[in-house]
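Peer 1: Below are the structure tokens for one structure; questions will follow.
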Amino acid sequence: MRLATQSQGRAGATLLEHAIVLPITFFLLLMMVVGSMGVLRYQETASLARSAARYASTHGAQYRRDAGLVTGSPGTYIEKSDGMHWYSANPLAMSGSDTAWAQDICDQAIGTNRVALAPANMTIKIGWPAVVNQLDKPDNWPNSRVTVTVSYQWTPEFYLIGPITLTSTSTMNITN
116 MRLATQSQGR
126 AGATLLEHAI
136 VLPITFFLLL
146 MMVVGSMGVL
156 RYQETASLAR
166 SAARYASTHG
176 AQYRRDAGLV
186 TGSPGTYIEK
196 SDGMHWYSAN
206 PLAMSGSDTA
216 WAQDICDQAI
226 GTNRVALAPA
236 NMTIKIGWPA
246 VVNQLDKPDN
256 WPNSRVTVTV
266 SYQWTPEFYL
276 IGPITLTSTS
286 TMNITN
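Quick note: to get my numbering, add 115 to the position in the sequence shown (first position is 1).
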């Protein structure tokens with residue numbers, strides 16, 4: 116008779132323990148999945164910045180000249196800061212719609228490698244230093260540097276917290 120009394124009391128305790136522990140466990144698992152999605156998006160942002168800088172470093176002014184392409188223009192000017200001329204690229208633009216350097220980099224290096232990022236939430240800035248004797252022009256010639264910054268406005272799944280801006284920057288020397 117004593118065993119029956121102990122098991123009935125324990126059944127209530129087990130139910131109460133499950134009522135407390137299971138929601139917390141499922142919430143933690145959900146947070147791990149959402150956090151993993153954030154890490155995936157940040158890794159892709161960093162990979163796109165590296166890929167764009169790599170493409171820009173091998174497709175500079177000398178490459179355009181050697182390939183018989185129009186030298187073109189850097190693109191849509193944003194600002195000059197820290198000795199760099201910054202230009203924007205539109206990830207929503209149709210590929211090949213613009214002959215600007217920045218848009219070409221976006222089309223060829225970012226547009227073709229993007230997997231999980233929505234282009235509407237991306238911001239792309241590409242910067243070149245000023246030409247030594249012409250401070251109002253960007254230097255896209257070999258041995259100069261190109262810097263690419265990719266930002267992504269991520270709203271975590273299930274809208275648990277507000278939007279987070281993921282940003283990655285990559286800089287490389289222009290080789291061609």
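Even glycine gets a Cβ: it sits at the ideal position worked out from N, Cα and C.
In the structure shown, what three-state DSSP assignment does residue 127 receive?
Peer 2: Residue 127 falls in the helix class under three-state DSSP.
Peer 1: Secondary structure at residue 278, three-state DSSP: helix, strand or coil?
Peer 2: Coil.
Peer 1: Taking the straight line between their C-alpha atoms, what separation do you get for residue 252 and residue 198?
Peer 2: Those two C-alpha atoms are separated by around 11 angstroms.
Peer 1: How would you label residue 255, buried or exposed, when you count the other beta carbons within 10 angstroms and need 16 or more for buried?
Peer 2: The residue in question, residue 255, is buried, as its Cβ has 16 or more Cβ neighbours within 10 Å.
Peer 1: Residue range of the beta strand (DSSP E) that residue 260 falls in?
Peer 2: That run of the beta strand (DSSP E) goes 260–269.
Peer 1: Tell me where the beta strand (DSSP E) around residue 243 begins and ends.
Peer 2: Unbroken beta strand (DSSP E) run through residue 243: 237–246.
Peer 1: What is the DSSP secondary structure of residue 133, reduced to helix, strand or coil?
Peer 2: Helix, per DSSP.
Peer 1: Can residue 175 and residue 291 be called in contact, C-beta distance under 8 angstroms?
Peer 2: It is a contact, given that the beta carbons lie within the stated cut-off.
Peer 1: Spatial neighbours of residue 262 within its chain, please: CB distance less than 6 angstroms, with the 5 preceding and 5 following residues excluded, ordered by chain position.
Peer 2: Same-chain partners within the cutoff: 242, 286.
Peer 1: Could you tell me which of 279, 240, 220 sits nearest to residue 172, measuring between CA atoms?
Peer 2: Closest option to residue 172, Cα to Cα, is 220.
Peer 1: Can you have a look at residue 194 and say buried or exposed, based on whether 16 or more other CB atoms are within 10 angstroms of its CB?
Peer 2: Result: exposed.
Peer 1: If you follow the beta strand (DSSP E) that residue 220 is in, where does it begin and where does it stop?
Peer 2: No beta strand (DSSP E) contains residue 220, which is instead part of the alpha helix (DSSP H) from 216–220.
Peer 1: Strictly by DSSP, which residues pair up with residue 205?
Peer 2: Looking at the DSSP assignment, residue 205 forms no beta bridge with any residue, so it has no partner.
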